[in-house]
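Remarks on the structure that follows.
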Amino acid sequence: MPSNATPPDSTPPDDTPPDATSASGASTSVPSTERLTITGAEVFVTCPGRNFVTLRIETDEGLYGLGDATLNGREKAVVSYLDEHVIPCLVGRDASRIEDLWYFLYRGAYWRRGPVTMTAVAAVDMALWDLKGKALGVPVYQLLGGASRTGVMAYGHASGETVDEVVDEVGRYLDRGYRAVRAQSGVPGLPSTYGVGRGKLFYEPAEQGLPSEHVWSTSKYLDHVPTLFRRLRDTYGSDVHLLHDAHHRLTPIQAARLGQELEPHRLFWLEDAVPAENQESFRIIRQHTTTPLAVGEVFNTIYDAQTLVTEQLIDYLRTSLLRGGGITHMRKVAALAELYNVKTGFHGATDLSPITMAAALHFDLWVPNFGIQEYMRHTEATKEVFPHAYSFDDGYLHPGDAPGLGVDYDVEKAASYPYERAYLPVNRLEDGTLFHW
Ligand code: KDG
Ligand code: MG
């Protein structure tokens, strides 16, 4: 080890030792938490219907913690980041120091932010919260501050090629107790549309093999969407929450028009109306419509949302724990959002594993400014690989009361589903121009 390196278990110079005497002369009794030394960590990849990457951190107490490290279509980049650059630094460190380890990985890398880095950081963070809950024998939501509600309202995904199909599919979700449903339909004149599923009550956006290509026309889409929501409101009335995802495809003024035209149908939210690299775009949309706006599933840190939140340009922030560096960072993001009346609406697509779903549900049960949780059901094979304590009942999810996150990883079952290369599709305009999707 170089002479200026800090050994993994060293105490930083400004730490107060547990038995220190205070300035007043009185003896302080700082309770010392049990040290939990990391002895090793392993990264697993499995494909029970789709690819998942899982980090397992082991400790000297025999306890292990699990973190999701799945980055849809770029899975192996995170595997390598963890194996080559993170795990060697974790061994020997104290797993109970979650905040310190977060900053070690975030500040210590020098190369901050970005989806690969932040997914890896999130995986470690989830595993450490899981470990702390297991070590203390409590579910993670208790560590965060306890339950603020009795259940977590979830929304499901209804889609179909035609408006009639979507109307039927929304009905199937309502029959299952959902109070909120996202509705996406094929667009007349376009051969296929991203967001329209291939099965009933199940939707998987990635496809095995190399990326397929869709053709897109914004004008055809804009002409069609209001029809879909008029039909849904006419059929199901005003009680059900309806949501819609534009997948970052509009310009600000097109989004403003769509928001206005959807106002009579009272959407719960219009999601990802524009590409959000440019946060200022939302000022234009906001000036024109009262349709609530949600964004953030591709964000990585608080800085991606800072303008959106502090200028109150959005109503819901969708960054998941998996993309946003885990519980440790996202609780700071949520706290900032609370000050500005912005609620959470975590991404919960199938490409986030049951570990992220479990972590999200602990967070959702606690977070004061909870809005809604996306819930795309996983395959039965996925549920076997990741047995979990969370459950769905009558439109609400609950994380359960198992210690930690309440989700496990069956290594043997997982091994029978080897990795298969898969990608999200790409989107081209009718003249062949590569477009946003
Ligand atoms: O990996 C990308 C998918 O998770 C995403 O396209 C799904 O937009 C999505 C959503 O809202 O769930
Ligand atoms: Mg989305």
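Heads up: the sequence shown begins at 824 in this note's numbering, then just goes up one per residue.
Backbone N, C-alpha and C define an ideal beta-carbon position, used for all residues, glycine too.
These numbers were taken from a predicted model, which means no experiment stands behind them.
On the DSSP bridge assignment, give the partners of MET976 in chain order.
Residue numbering aside, residue 976 sits at position 153 when the sequence shown is read from its first letter. Beta-bridge pairing links MET976 to TYR1219.
Kindly list the residues whose CB is nearer than 6 Å to the CB of GLY848, restricted to its own chain and excluding five residues on each side of it in sequence; keep chain order.
For the purposes of this step, residue 848 is identified with residue 25 of the sequence shown, where counting begins at 1. Residue placement at GLY848 is flagged as unreliable, the pLDDT there being 33, under the threshold of 50; the coordinate-derived value follows with that caveat. Closer than 6 Å at Cβ, skipping near neighbours: no residue.
So, with DSSP's three-state summary, where would you put SER903?
Position 80 of the sequence shown, counting from 1, holds the residue named residue 903. Of the three classes helix, strand and coil, the one that applies to SER903 here is helix, per DSSP.
Are the segment 1162-1179 and the segment 888-899 touching, with three or more C-beta to C-beta distances below 8 Å?
Yes: at least three Cβ pairs fall under 8 Å.
For ARG1244, which of helix, strand or coil comes out of DSSP?
Indexing the sequence shown from 1 puts residue 1244 at position 421. Correct three-state label for ARG1244: coil.
Please enumerate, following chain order, all residues with a beta carbon closer than 6 Å to at least one heavy atom belonging to ligand 2.
Every residue passing the under-6 Å Cβ criterion appears here: ASP1068, GLU1094, ASP1095 and GLU1120.
For PRO1011, collect the residues of the same chain with a Cβ closer than 8 Å to its Cβ; drop the 5 residues on either side in sequence, then sort them by chain order.
As a position in the sequence shown, residue 1011 is number 188, starting the count at 1. Excluding positions up to five away in sequence, the list reads LYS1043 and HIS1047.
Return the residue from the list THR862, GLY872, ALA864 and GLU865 that minimises the CA-CA distance to LYS1206.
Here residue 1206 is taken as the residue at index 383 of the sequence shown, counted from 1. It is GLY872 whose Cα lies nearest to the Cα of LYS1206.
Do GLY979 and SER1008 have their beta-carbon atoms positioned less than 8 Å apart in this structure?
In the sequence shown, the residue the question calls residue 1008 occupies position 185. In the sequence shown, the residue the question calls residue 979 occupies position 156. Not in contact: SER1008 and GLY979 (Cβ atoms no closer than 8 Å).
So, does the segment 1052-1068 touch the segment 1200-1219, judging by three or more C-beta pairs under 8 Å?
No, because fewer than three Cβ pairs between the segment 1052-1068 and the segment 1200-1219 fall closer than 8 Å, the two stretches do not touch.
Could you spell out the range, first to last residue, of the beta strand (DSSP E) harbouring LEU1065?
Locating residue 1065 in the sequence shown gives position 242, counting from the first residue. Per DSSP, LEU1065 belongs to the beta strand (DSSP E) from 1064-1068.
To test your reading of the DSSP string, which unbroken beta strand (DSSP E) runs of 3 or more residues are found completely within the segment 869-952?
Entirely contained in the segment 869-952, the beta strand (DSSP E) runs reaching 3 residues are, in chain order, 875-882 and 887-891.
Taking only heavy atoms of ligand 1 into account, decide whether any of them is closer than 7 Å to the Cβ of LEU1144.
As a working note, residue 1144 is residue 321 in the sequence shown. Not so, every heavy atom of ligand 1 lies at least 7 Å from the Cβ.
Spell out the partners DSSP gives LYS1166 in its beta bridges.
Position 343 of the sequence shown, counting from 1, holds the residue named residue 1166. Paired residues: TYR1139.
Applying the criterion that 16 or more other CB atoms from any shown protein chain within 10 Å of the CB defines a buried residue, is ALA846 buried or exposed?
Reading the sequence shown from its first residue, position 23 is the one you call residue 846. Per-residue confidence for ALA846 stands at a pLDDT of 33, beneath the threshold of 50, marking its modelled position as unreliable; the derived number appears in the next sentence. Classification for ALA846: exposed.
I need the straight-line Cα distance from ASP1254 to ARG1072, nearest angstrom please.
As a working note, residue 1254 is residue 431 in the sequence shown. As a working note, residue 1072 is residue 249 in the sequence shown. Distance between the alpha carbons of ASP1254 and ARG1072: 16 Å.
Using the rule of at least 16 other Cβ atoms within 10 Å of the residue's Cβ for burial, across every protein chain shown, is VAL1234 buried or exposed?
Here residue 1234 is taken as the residue at index 411 of the sequence shown, counted from 1. By the 10 Å Cβ count, VAL1234 comes out exposed.
Would you say the beta carbon of PRO1177 is closer than 7 Å to some non-hydrogen atom of ligand 1?
Against the sequence shown, residue 1177 aligns to sequence position 354. Not so, every heavy atom of ligand 1 lies at least 7 Å from the Cβ.
Which partner residues of THR1112 appear in the DSSP bridge assignment?
Numbered from its first residue, the sequence shown carries residue 1112 at position 289. According to DSSP, THR1112 bridges with nothing at all.
Classify ASN1164: buried if its beta carbon has 16 or more other beta carbons within 10 angstroms, exposed otherwise.
Looking up residue 1164 in the sequence shown gives position 341. Exposed, by the Cβ-count rule.
Could you name the residues that DSSP lists as bridge partners for ASN1250?
Counted from its first residue, the sequence shown places residue 1250 at position 427. Paired residues: HIS1037 and PHE1258.
Which whole-angstrom value is the C-beta distance of CYS870 and TYR1219, which I expect to be below 8 Å?
Position 47 of the sequence shown, counted from the first residue, corresponds to residue 870. Position 396 of the sequence shown, counted from the first residue, corresponds to residue 1219. Actually they are not in contact, since the Cβ atoms of CYS870 and TYR1219 sit about 30 Å apart, beyond 8 Å.
Tell me whether GLY1082 sits in a helix, a strand or coil according to DSSP, three-state version.
Position 259 of the sequence shown, counting from 1, holds the residue named residue 1082. In this structure, GLY1082 counts as helix in the three-state DSSP scheme.
Assuming ALA958 contacts LEU859 (C-beta within less than 8 Å), just tell me the rounded distance between them.
On the sequence shown, residue 958 is found 135 positions in, with the first residue counted as 1. On the sequence shown, residue 859 is found 36 positions in, with the first residue counted as 1. That pair is a contact at about 6 Å.
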